[in-house]
Amino acid sequence: MGRPRVLSGVQPTGALHLGNWLGAIRNWVDLQNDHDTFFCVVDLHAVTVPHDPQRLAHDTLTTAALYLACGLDPEKSTVFVQSQVAAHSELCWLLNCITPLNWLERMIQFKEKALKQGDNVSVGLLDYPVLMAADILLYDADLVPVGEDQKQHLELARDIAQQRINARFGSEETPVLKVPKPMILKEGARVMSLTDGRSKMSKSDPNEGSRITLLDPPELITKKIKKAKTDPERGLEFGNPDRPETDNLLGLYALLSGKGREAAAQECADMGWGQFKPLLAEATVAALEPIQQRYKAFMDDRSQLEAVLRNGRERASAVAEANVQRVRRSMGFLSPS
Ligand code: TYM
């Protein structure tokens, strides 16, 4: 038996934020040492809402650079761009034809995003989770490391593989597709907005002060944290449902300082906000500084970054092509002679 296979991805829509890093990418970096890891920049997902064609290629490249800056090692992980491996779109189509419409209409993220789009909801937005299922199933992934908000999409991918493909086109002894498992961290899986502790930190929040991006300069980080919503009470604590902002900011401090929850809670138990916020800002700046330095180095040497993506595309295509062929065969398509 080989090492368990891992696949995950992030959309190249604007700079990645602390939630993307702490909820997902941080975990990818740990997994690459003892797993067979595939990480893609999911640019096809980024066009499910109106996008700027002038920015897409640049944002795709910068997202890949951030993957590497966060610690993905191209010697250990296959890093690639989703749209450059055509099998993702092909498998998506095959899965579209066997996925019931009402499974997609139930998706919480679709409902939330559709609400924001008004009359302009694309078929692609509804289909987003099927494309995500294709990304995962195409690589026979065992594990999919994601933040909490992707749990429902992962369940859908499992249902499509099990109930729609394997049950209809495979047999118990020879399933067509591997059924993947979500991998959600205990800490960091749900980083909340700086301006509202009850809603998650998100790239699409129009208020930039609600998130810290991995490329924010130190002064901006300090300013955003200074303005972050607090409550009138003194002392920071975990688990008080009436103090979601406290829970979130203390959680960030525990992770970003590397101290862990227990030590962070002890240290900050009697602190006022005026003392805590500079501490959190300092820990955030220090945690992001090495990422920002490595990011700059990758962006200054595009040729290295492009070589990583070229290589990744070749390695990913080899796996993806073989697997989509297997699905095509199982569904009864005529093979090319
Ligand atoms: P995206 O770009 O919205 O998010 C990328 C990853 O970041 C996690 N995340 C968070 N984690 C903690 N706190 C937050 N506030 C927060 N916000 C985002 C997400 O859970 C995700 O892991 N649909 C996927 C992209 C995708 C994908 C895939 C993932 C496409 N195909 C295949 C895994 C496997 C998404 O949410 O992207």
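Okay, so the sequence shown: first residue is 6 according to our numbering, each after it adds one.
Beta carbons: idealized from backbone N, C-alpha and C, even for Gly.
This structure is a prediction, so every number in the text was calculated from the model and none was measured.
Backbone CA spacing between residue i and residue j [nearest angstrom]
| i | j | result |
| --- | --- | --- |
| A91 | M336 | 19 Å |
| Y133 | Q114 | 10 Å |
| A270 | T53 | 41 Å |
| G14 | A268 | 32 Å |
| R239 | L293 | 28 Å |
| H93 | L130 | 16 Å |
| L71 | V46 | 10 Å |
| H22 | T289 | 12 Å |
| G19 | K301 | 16 Å |
| T400 | V11 | Nothing can be reported for residue 400, as the shown portion of the chain is limited to 6 through 342. |
| A146 | L257 | 30 Å |
| L339 | A162 | 26 Å |
| G363 | L285 | Absent from the model: residue 363. The displayed extent of the chain is 6 to 342, so no value can be given. |
| E117 | P341 | 42 Å |
| G317 | N107 | 35 Å |
| D236 | G277 | 11 Å |
| L142 | A51 | 20 Å |
7 Å Cβ cutoff met for residue i and residue j
| i | j | result |
| --- | --- | --- |
| L49 | Q87 | yes |
| M188 | P246 | no |
| T200 | S215 | yes |
| L156 | K231 | It is Lys, not Leu, that sits at residue 156 in the sequence shown. Not a contact, by the Cβ cut-off of 7 Å. |
| V332 | L99 | yes |
| L190 | N25 | no |
| R320 | P249 | no |
| V184 | F174 | no |
| Q122 | K81 | no |
| T344 | I165 | Residue 344 lies beyond the residue range present for the chain, which begins at 6 and ends at 342; the question has no answer from this structure. |
| R299 | A74 | yes |
| V126 | A119 | yes |
| L220 | L241 | no |
Contact test: residue i Cβ vs the ligand TYM heavy atom, cutoff 6 Å
| i | result |
| --- | --- |
| H40 | no |
| R195 | yes |
| K234 | no |
| D140 | yes |
| S215 | no |
| Q155 | yes |
| S88 | no |
| V52 | no |
| S13 | yes |
| M188 | no |
| V84 | no |
| V332 | no |
| Q16 | yes |
| K205 | yes |
| A29 | yes |
| V34 | no |
When the options are compared against residue i, the one with the closest alpha-carbon
| i | options | result |
| --- | --- | --- |
| A139 | F303, Q122, H158, D64 | H158 |
| V313 | T67, A119, A288 | T67 |
| G193 | D145, I30, N107 | I30 |
| T83 | N107, D57, T104, Y144 | Y144 |
| L27 | F44, G152, H93 | G152 |
| D78 | P180, V34, D154 | V34 |
| E213 | R315, K229, P222 | K229 |
| V196 | E177, L260, M137 | L260 |
| K205 | E242, G123, D252, N316 | D252 |
| M137 | N101, H56, R111 | N101 |
| L148 | D39, D306, G263, L285 | D39 |
| V329 | Q59, M6, C97, A62 | C97 |
| L310 | L225, T65, E95 | T65 |
Counterpart residues of residue i in DSSP-defined beta bridges
| i | result |
| --- | --- |
| C97 | None, per the DSSP bridge assignment. |
| L190 | Answer by DSSP bridge pairing: none, since L190 is not bridged. |
| S13 | F44 |
| S82 | T42 |
| H22 | T218 |
| K205 | M197 |
| V149 | P187 |
Check: residue i C-beta below 6 Å from any heavy atom of the ligand SAH
| i | result |
| --- | --- |
| M112 | What this structure holds is the ligand TYM, not the ligand SAH. |
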